[in-house]
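Let me begin by presenting the structure, written as structure tokens, before commenting on it.
Protein chains: 4
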Amino acid sequence: MTNKPISFDASKPLDFVAVGRLCIDLNANEINRPMEETVTFTQYVGGSPANICIGMSRLGLKTAFIGKVADDQMGRFITGYLEREGIDTSGVTVDRTGAVTGLAFTEIKSPTDCSILMYRDNVADLKLEAGEVREELIAGAKLLLISGTALAKSPSREAVFQALDYAKRHRAVIAFDLDYRPYTWTSDEETAAYYNLAAEKCHIIIGTREEFDMMERLGGNPTRDDHITAAKWFQHSAGIVIIKHGKDGSIAYTDDGASHRARSFPAKVVKTFGAGDSYAAGFLYGLMQGWDIPASMEFGSAAACIVISSHSCSDAMPKAPQVHDYIERCLKGEIAGTSS
Amino acid sequence: MTNKPISFDASKPLDFVAVGRLCIDLNANEINRPMEETVTFTQYVGGSPANICIGMSRLGLKTAFIGKVADDQMGRFITGYLEREGIDTSGVTVDRTGAVTGLAFTEIKSPTDCSILMYRDNVADLKLEAGEVREELIAGAKLLLISGTALAKSPSREAVFQALDYAKRHRAVIAFDLDYRPYTWTSDEETAAYYNLAAEKCHIIIGTREEFDMMERLGGNPTRDDHITAAKWFQHSAGIVIIKHGKDGSIAYTDDGASHRARSFPAKVVKTFGAGDSYAAGFLYGLMQGWDIPASMEFGSAAACIVISSHSCSDAMPKAPQVHDYIERCLKGEIAGTSS
Amino acid sequence: MTNKPISFDASKPLDFVAVGRLCIDLNANEINRPMEETVTFTQYVGGSPANICIGMSRLGLKTAFIGKVADDQMGRFITGYLEREGIDTSGVTVDRTGAVTGLAFTEIKSPTDCSILMYRDNVADLKLEAGEVREELIAGAKLLLISGTALAKSPSREAVFQALDYAKRHRAVIAFDLDYRPYTWTSDEETAAYYNLAAEKCHIIIGTREEFDMMERLGGNPTRDDHITAAKWFQHSAGIVIIKHGKDGSIAYTDDGASHRARSFPAKVVKTFGAGDSYAAGFLYGLMQGWDIPASMEFGSAAACIVISSHSCSDAMPKAPQVHDYIERCLKGEIAGTSS
Amino acid sequence: MTNKPISFDASKPLDFVAVGRLCIDLNANEINRPMEETVTFTQYVGGSPANICIGMSRLGLKTAFIGKVADDQMGRFITGYLEREGIDTSGVTVDRTGAVTGLAFTEIKSPTDCSILMYRDNVADLKLEAGEVREELIAGAKLLLISGTALAKSPSREAVFQALDYAKRHRAVIAFDLDYRPYTWTSDEETAAYYNLAAEKCHIIIGTREEFDMMERLGGNPTRDDHITAAKWFQHSAGIVIIKHGKDGSIAYTDDGASHRARSFPAKVVKTFGAGDSYAAGFLYGLMQGWDIPASMEFGSAAACIVISSHSCSDAMPKAPQVHDYIERCLKGEIAGTSS
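Protein chains in written order, with numbering that gives the first Met the number 0: chain U, 0 to 339; chain S, 0 to 339; chain L, 0 to 339; chain C, 0 to 339.
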């Protein structure tokens, strides 16, 4: 599939470990209206790597999480939820400095007009320290996922680099979900610097065209050419680079020079949140099953359709039979709706 | 009533202006359980001076607010609510620095075991600047209310001192609701310093025994004697000092040497939040009607009973006939419950 | 002299205690050139209240200092110097947080073109805490001097208010040398707020017209009228307000409605630094001798002439006979030079 | 010499460019005593990369500097000095945020007991931004030197990574002088993280055993073995790793498996400051002349002897004939003294 074959070490006990953000989504119960008119909210576990980890666990993999939660009711809600999902939380530490849990209030004005009101000041997830990253969890895992938000501030930033160092040392495959969110970052230059340093060490890189543009802001790709982007990372560690072009779909580039596009499916869209996370979970699950890239992408697309048709992100992550069933029903034409 | 008679200038167009905290309460819908098991929340306007101002407006007074809200959906929710309550919001400015709205998640484990999870990092209400305090609002008001939380940080702290300066210049009566909350403050010494500087300028001071202890931490009243506390403030501007002793009730000291205790009423307590704010609104309303101190205290107590029997603080603030009716029904023995 | 007579309690053992800034002056040895061409510097103790305290001690008074120094060679240099000058340093604490000593590199391009390059980040003097202000030093002193720079930041700001509280409690006379320096302060509004709160409690206030303008920036004296300025403070605690008008000389206003101008003396000016500090020391010394205001001002002016004729500030503070001698020689016409 | 031959591109117009710290040394004029007894100081340009760049220029190379200075007399002193030394300062920008020039007061109690009092709060050199690093200067240079101190804080840290990126793109040789100084850094974990990320990209790495220990604190070399240290970097970009063992001398490891020790010379030591900088300048100069590693090390050692025999660091950097002469005189036994 790729010259630099991405192979998962079957002898390792854990399939998947994610490092990074754990937070709370507060989803407006009254949808299709501005948040000013919202009066009640429902609480879910959130954060891109948390969602992906929950997704992987639902798909039947053995998973663990490395992160930090606040020493309060919100923090305990998060840890409790992960444990009930079967995720190993021995790598989730508790902040003792008075940090709070990150919040994301979601506003759904219409299926295509969604926004988020973030609370990211003094959040516990960015307090994870390098010394708190448990080497044995990474040593025992086939696949490590990192997420860009965790690079936004010290000491979480150094914890991510420490996790990368352990993964390299123990030959875990590393996936990088760029997940760039402008708040929390101080400057574009800072953002680009650490995204690039991290990406150099990763085998699978997944992001939007705009996220890759941000990483290339100080030169090298003025025409925003996907092939130049992918080629840069193939010179380092990467074997697969997935670049998402919004409505125009995603393309997976591989270091053998090939590129792949996957079929997309119709969906009854409630909101767009969570699409990327469920896609990543589905795609990585496919790769770990030994499927080829198009099949893995297709599985990711179907998983995304299921999530965006529901009210939550984490809580809507599908099990494998649900995804297979969704694909089948789409192929039979049983599901109509906007194409995702 | 007092030697330093607290008289309201009848020629002024506005009855009441409050300065300080505007925030959001997110009250757990599932009560009598820990917040870890809560999944939905209902949103209300909150913050002690906001609650008192809403209370005064419900009681029929002409009111205004001086404060600052975030430039987001939460901020617009607050301003919209105040306006619908008939409060003049021309003194409410909008932050442009990316500050957020303060949040208070309430947890009601039982009527007597309530706690609050606060989000107070980078909040808009503490960004109010001295230059944004509208002198004409204070010049036109009979009574200014300040609240201790607004003293916790610059520039809000200086805005409060500016409001006090305008009130002195235009001979408004000044009430100080101590409302001390340890988060946000850097040190006890800092807290005591600014509480004392502000209290020197106020005519009516309302607080718990513990709040006055905090103000006296660097000497002067080792036996925690109410009379010493009150006497200190009578040497400055105060004519009335109300010291709350929890279950043992409140005592109002006046600078003629008298002290007053008010009757308390039974209540079916849902939660204890909001008791102090509704008490303050009721008491100040009574004073402004020309009632004597015991009658004003009684009215405040009854208003507090109504609020603690309901799910919210701001939204439960009663109208005057409701309070009179409550007192009457208590006198007739129609209301049983825990005494407030 | 004033209606609110400023009388020093003769029974108190200490004449004078100053609270505030202790720092290092590094004076260019090569003068009359830009600092870019300077290669060697000589080190002196500096800081306005330190200079005044050294001046008072040289004049023969019993003095003490309340402040904080860095835990390094510079800090020990300062404490050692004060002790050798006979100043009680039991109120000088040592920072343990890694703060540094404030530095002032002076540049003397010409006698009338002097500037200062300040190092004021993370300085020890602004780390003095309210709890470190020794009540017994203030209780035992006839006169307390505070200086505006110490109000610039917490916790030093609260330490000054604590010192004022002790001075009020123990009936010490309080002098306020405004000494406003824009660096360190966050905003003009913050500056004005705390200067005003402090000045309300002081008996003697000394500053430039521009410093008083800064304090009146939020209204009350649009025509910058000295009489309005002085009258405001006479409503609070002040009996003497000295307003300096640069080349046009200083005027002392007293709360009996009088105003006084003092004779000025010629001087061979080397640099202008230190003029205000030596003036303050001389003037306050005169008052404490029971001299009338014009005599005290004259003594201050002569002391200032001596300091500006030399290379340093602190180290050049004169003894009383030197000042008397200077006045005498001026009267005899033995000293020519620019008028100070 | 090494498998990964370190070859300098002769077609490039510039020999050497350094990026990083520019500051001021204030050297006590009264030596062999504690700084508390010092009263005068002499000012020199300082900062490890500045010293090395001055050294390279004195040795006859074409040099440039990339850094940032304060907008004050100290900043202009630095830029002026560099220019007079023939260093291209087109890459030296001027801070506009009110940052100050870093200061290092040196205390020489005895030739072997020297210490430094640093002023590093809010310093201009750490404000250099990635966007201010001039690509053309690095593109045109044979050798780029980075220094660890510049990694201590954003945005300077990202500027260094940007410089490394340009150097890689334009195939400049990269030397890393570890120059670890604990102040300024927030935590050991942060320090190790960025030192390692930078070192991965460098061809020549020079540091003390303790500096390499700090980089290996999270595992990999518990016995502090030089060969393990060197081998790690040979897996990345390095061809030469020099590890300094204090009195036991320095060892240069090369990626062909060899190691080299150089002769040391006697010196009349005044102070130890500046030894490492002059050594680095001499060694890199030797390499650029095409000398073998032992000869280059010897030249570095002799340059260091000259600097530690004098009062300053930067100002004492020798010209090439001086170094050759020093070596010759040592060989003839004309120079006695402590061995350096």
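Even glycine gets a Cβ: it sits at the ideal position worked out from N, Cα and C.
Residue i classed as buried or exposed, judged by whether at least 16 other C-beta atoms fall within 10 angstroms
{"i": "Thr222(U)", "result": "exposed"}
{"i": "Ala335(U)", "result": "exposed"}
{"i": "Asn31(C)", "result": "exposed"}
{"i": "Gly19(S)", "result": "buried"}
{"i": "Asp347(U)", "result": "One cannot answer for residue 347(U) here, as it falls past the ends of chain U, which runs 0 to 339."}
{"i": "Tyr182(S)", "result": "exposed"}
{"i": "Val38(S)", "result": "exposed"}
{"i": "Leu125(C)", "result": "buried"}
{"i": "Tyr135(C)", "result": "Contrary to the premise, residue 135(C) reads as Glu rather than Tyr in this sequence. So Glu135(C) counts as exposed."}
{"i": "Ser249(C)", "result": "buried"}
{"i": "Glu82(S)", "result": "exposed"}
{"i": "Arg119(C)", "result": "buried"}
{"i": "Gln161(L)", "result": "buried"}
{"i": "Gln234(C)", "result": "exposed"}
{"i": "Ser89(C)", "result": "exposed"}
{"i": "Ile5(S)", "result": "buried"}
{"i": "His323(S)", "result": "exposed"}
Reduced DSSP category for residue i - H, G, I as helix; E, B as strand; rest coil
{"i": "Ser218(U)", "result": "Per the sequence shown, the amino acid found at residue 218(U) is Gly instead of Ser. It is coil, neither helix nor strand."}
{"i": "Ser339(S)", "result": "Interpretation of Ser339(S) is limited by its pLDDT of 46, a score under 50 that renders its predicted location unreliable; the figure taken from the coordinates is listed afterwards. Correct three-state label for Ser339(S): coil."}
{"i": "His323(C)", "result": "helix"}
{"i": "Phe7(L)", "result": "coil"}
{"i": "Thr228(C)", "result": "helix"}
{"i": "Leu340(U)", "result": "A question about residue 340(U) goes unanswered here, because the residues of chain U that appear run from 0 up to 339."}
{"i": "Leu58(S)", "result": "coil"}
{"i": "Glu82(S)", "result": "helix"}
{"i": "Ile77(L)", "result": "helix"}
{"i": "Gln42(U)", "result": "strand"}
{"i": "Glu333(U)", "result": "coil"}
{"i": "Ala63(S)", "result": "strand"}
{"i": "Lys108(U)", "result": "strand"}
{"i": "Ala49(L)", "result": "helix"}
Contact set between residue i and chain L, taken where Cβ atoms lie within less than 7 Å
{"i": "Asn121(C)", "result": "Asp120"}
{"i": "Val130(S)", "result": "Checking the sequence shown, residue 130(S) turns out to be Gly, not Val. In chain order: Glu188."}
{"i": "Leu196(S)", "result": "Phe160 and Leu196"}
Where residue i meets chain S, residues with beta-carbon distance less than 8 Å
{"i": "Glu297(L)", "result": "Simply none; closest approach about 37 Å."}
{"i": "Phe15(U)", "result": "Neighbours of Phe15(U) on chain S: none; closest Cβ ~26 Å, over 8 Å."}
{"i": "Glu35(L)", "result": "Those do not exist, as Glu35(L) stays about 37 Å from chain S at its closest Cβ, beyond 8 Å."}
{"i": "Ala21(U)", "result": "Strictly speaking, residue 21(U) in this sequence is Leu, with Ala absent from that position. Neighbours of Leu21(U) on chain S: none; closest Cβ ~15 Å, over 8 Å."}
Residues that residue i contacts on chain C, provided the C-beta gap is smaller than 7 Å
{"i": "Thr185(U)", "result": "Ser153"}
{"i": "Glu106(L)", "result": "Gln72"}
Contacts of residue i in chain U (Cβ-Cβ under 7 Å)
{"i": "Leu125(C)", "result": "Those within 7 Å of Leu125(C) in chain U number zero; the least Cβ separation is about 13 Å."}
{"i": "Val68(S)", "result": "Per Cβ cutoff of 7 Å: no residues; Val68(S) is ~12 Å from chain U at best."}
Cross-chain neighbours of residue i in chain L, by beta carbon under 9 Å
{"i": "Arg260(C)", "result": "Those do not exist, as Arg260(C) stays about 38 Å from chain L at its closest Cβ, beyond 9 Å."}
Beta-carbon neighbours of residue i, restricted to chain L and to distances below 8 Å
{"i": "Arg75(C)", "result": "Glu35"}
Practice task
Could you run through the stretch 149-164 of chain U and flag, in chain order, every residue whose CB is less than 7 Å away from some CB of chain C?
Solution key: Within the stretch 149-164 of chain U, those residues whose Cβ lies closer than 7 Å to any Cβ of chain C are, in chain order, Ser153, Pro154, Glu157, Phe160 and Gln161.
Handout entry: chain S contacts from the stretch 77-96 of chain U (Cβ-Cβ distance under 8 Å)
Key = Gly79
Handout entry: Contiguous beta strand (DSSP E) assignments of at least 3 residues, all confined to the stretch 128-210 of chain C
Key = 140-146, 172-176 and 203-207
Exercise for the section: Would you mind listing the alpha helix (DSSP H) stretches within the stretch 260-316 of chain C that are 4+ residues and don't spill past its ends, in chain order? Expected result: Runs found: 274-287 and 292-307.
Problem - Within 9 Å of chain L by C-beta, residues of the stretch 24-51 of chain C in sequence order - result: Flagged, chain order: Leu25, Asn28, Pro33, Met34, Glu35, Glu36, Thr37, Val38, Thr39, Phe40, Thr41, Gln42 and Tyr43.
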